[in-house]
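J.:
Numbering (our numbering), first residue to last: 13 to 282.
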């Protein structure tokens, strides 16, 4: 089966997670896709859940529950963080590997039933992680999906609030799948300086329904999604990703092809 069909099959599956946990506030952390999910829930909860980098957090004072998101449970930064704060605050691990060292260090494990048939860029795993975080934070998922967009190399993704995390996730997927350079930024920050690097580049704004997003579309050529929240924008992006892969007849995953960089990445992560 082609990689495109594998990704399509993944994202068509049930991603809903009932965590059994409810928290009023927390630090939430992870790396890569997991950090993107952390950024989304930070925006969605308006800061009740604060996204932190797991390596930076080793030098922080953690005075709230700590939620660590890690599909594999293997990155050493996550494990070191859990080990440092074990017994000092309650630790929750969101993972698909309940036998991992991270899971064993956690006070509670939220299990994600993610079992891919082969190595793929995170899509369903991201949806599951985000669903679990929304459930823990007791916030509602938005519905819907916008029209697909043909994504270009060097695209610039922009998002306000919860959609900033989706912009970051989009940036990650373009690197992993195509090996493309792109950018991501918050809505307000984009206009203060990054806009000067956007000439002759595609700008995609993940809509939150904010009037400033609509004003931007009147002033410049941007793709504005037909959404209001993170899950709609996520579905729209994934639909656009598959659409772009088909147009380009792209049936490979770049991060699996570049063995030299993959080995460096693995050495640093694990």
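We put the beta carbon where it would ideally sit given N, CA and C, even for glycine.
Give every residue of the same chain whose Cβ lies closer than 7 Å to the Cβ of residue 251, excluding the five residues on either side of it in the sequence, and list them in chain order.
T.: Position 239 of the chain shown, counting from 1, holds the residue named residue 251. Excluding sequence neighbours, residue 251 sits near 157, 160.
J.: Rounded to the nearest angstrom, how far is the Cβ of residue 103 from that of residue 70, given a contact under 8 Å?
T.: Position 91 of the chain shown holds residue 103. Position 58 of the chain shown holds residue 70. Residue 103 to residue 70, Cβ: 14 Å. No contact.
J.: Less than 7 Å separating the beta-carbons of residue 80 and residue 90?
T.: Here residue 80 is taken as the residue at index 68 of the chain shown, counted from 1. Here residue 90 is taken as the residue at index 78 of the chain shown, counted from 1. Closer than 7 Å, so yes.
J.: Tell me whether residue 162 is buried or exposed, calling it buried when 16 or more other Cβ atoms sit within 10 Å of its Cβ.
T.: Sequence index remark: in the chain shown, residue 162 carries index 150 (1-based). Residue 162 is exposed by the Cβ-count criterion.
J.: Suppose you measure from the CA of residue 122 to the CA of residue 215; what does that come to, to the nearest Å?
T.: Position 110 of the chain shown, counted from the first residue, corresponds to residue 122. Position 203 of the chain shown, counted from the first residue, corresponds to residue 215. Whole-angstrom Cα-Cα distance: 36 Å.
J.: Skipping 5 residues on each side, what residues in its chain have a beta carbon closer than 8 Å to that of residue 83?
T.: Your numbering for residue 83 matches position 71 in the chain shown. Same-chain partners within the cutoff: 45, 46, 107, 108, 109, 124, 126, 134, 137, 141.
J.: Can you tell which of 222, 242, 169, 264 has its C-alpha closest to the C-alpha of residue 53?
T.: By one-based count along the chain shown, residue 53 stands at place 41. Looking at the Cα atoms, 242 is the closest of the given residues.
J.: With three or more C-beta pairs closer than 8 Å as the rule, is the region 265 to 272 touching the region 26 to 39?
T.: No, because fewer than three Cβ pairs between the region 26 to 39 and the region 265 to 272 fall closer than 8 Å, the two stretches do not touch.
J.: Kindly give me the distance between the Cβ atoms of residue 28 and residue 209, rounded to whole angstroms, as I take these residues to be in contact under 8 Å.
T.: Your numbering for residue 28 matches position 16 in the chain shown. Your numbering for residue 209 matches position 197 in the chain shown. That pair is no contact at about 39 Å.
J.: For residue 246, which of helix, strand or coil comes out of DSSP?
T.: Here residue 246 corresponds to residue number 234 of the chain shown, with the count starting at 1. Of the three classes helix, strand and coil, the one that applies to residue 246 here is helix, per DSSP.
J.: Is the region 189 to 202 close to the region 232 to 247, with three or more CB pairs under 8 Å?
T.: Flag = no, the region 189 to 202 and the region 232 to 247 do not touch.
J.: Could you tell me how far apart the beta carbons of residue 185 and residue 274 are, in whole angstroms, since I believe they sit closer than 8 Å?
T.: Residue numbering aside, residue 185 sits at position 173 when the chain shown is read from its first letter. Residue numbering aside, residue 274 sits at position 262 when the chain shown is read from its first letter. About 16 Å separates the two Cβ atoms, so there is no contact after all.
J.: Along the chain, where does the beta strand (DSSP E) containing residue 120 start, and where does it finish?
T.: For the purposes of this step, residue 120 is taken as the residue at position 108 of the chain shown. First-last of the beta strand (DSSP E) with residue 120: 120 to 123.
J.: Is the beta carbon of residue 220 closer than 7 Å to that of residue 237?
T.: Within the chain shown, numbered from 1, the residue matching residue 237 stands at position 225. Within the chain shown, numbered from 1, the residue matching residue 220 stands at position 208. In this structure, residue 220 does not lie closer than 7 Å to residue 237 by Cβ.
J.: Among 170, 128, 85, 178, which one has its Cα closest to the Cα of residue 25?
T.: Along the chain shown, read from residue 1 onward, the residue named residue 25 stands at position 13. When only C-alpha atoms are compared, the closest one is 128.
J.: In terms of alpha-carbon separation, which member of 112, 120, 146, 38 lies closest to residue 30?
T.: As a first step, residue 30 is located in the chain shown; it is residue number 18 there, counting from the start. Of the listed residues, the one whose Cα sits closest to residue 30 is 146.
J.: Mind listing, in chain order, the continuous alpha helix (DSSP H) runs of no fewer than 4 residues lying wholly within the region 146 to 198?
T.: Segments of the alpha helix (DSSP H) lying fully in the region 146 to 198: 175 to 190.
J.: For residue 263, does the count of other Cβ atoms within 10 angstroms reach 16, so buried, or fall short, so exposed?
T.: As a position in the chain shown, residue 263 is number 251, starting the count at 1. With fewer than 16 other Cβ atoms within 10 Å, it is exposed.
J.: Answer with buried or exposed for residue 278, where buried requires no fewer than 16 other C-beta atoms within 10 angstroms of its C-beta.
T.: On the chain shown, position 266 is the one that residue 278 refers to. By the neighbour-count rule (16 or more Cβ atoms within 10 Å), residue 278 is not buried but exposed.
J.: So residue 117 and residue 149 are supposed to be a Cβ contact under 8 Å. How far apart are they, rounded?
T.: Position 105 of the chain shown, counted from the first residue, corresponds to residue 117. Position 137 of the chain shown, counted from the first residue, corresponds to residue 149. 22 Å between Cβ atoms; not a contact.
J.: Which residue's Cα is closest to the Cα of residue 101: 17, 40, 222?
T.: Counting from one through the chain shown, the residue named residue 101 turns up at place 89. Answer by Cα proximity: 40.
J.: Within this structure, are the beta carbons of residue 50 and residue 38 separated by less than 7 Å?
T.: Indexing the chain shown from 1 puts residue 50 at position 38. Indexing the chain shown from 1 puts residue 38 at position 26. It is not a contact, given that the beta carbons lie outside the stated cut-off.
J.: Please report the residue range of the beta strand (DSSP E) in which residue 38 lies.
T.: Residue mapping note: residue 38 aligns to position 26 of the chain shown, counting from 1. Per DSSP, residue 38 belongs to the beta strand (DSSP E) from 38 to 41.
J.: Whose C-alpha, out of 172, 42, 57, is nearest the C-alpha of residue 88?
T.: As a position in the chain shown, residue 88 is number 76, starting the count at 1. Comparing Cα positions, the closest option is 42.
J.: Classify residue 258 as helix, strand or coil using the three-state DSSP reduction.
T.: For this step, residue 258 is matched to residue 246 along the chain shown. Helix at residue 258.
J.: I need the straight-line Cα distance from residue 172 to residue 201, nearest angstrom please.
T.: Taking the first residue of the chain shown as position 1, residue 172 is located at position 160. Taking the first residue of the chain shown as position 1, residue 201 is located at position 189. Going by the C-alpha atoms only, they are around 10 Å apart.
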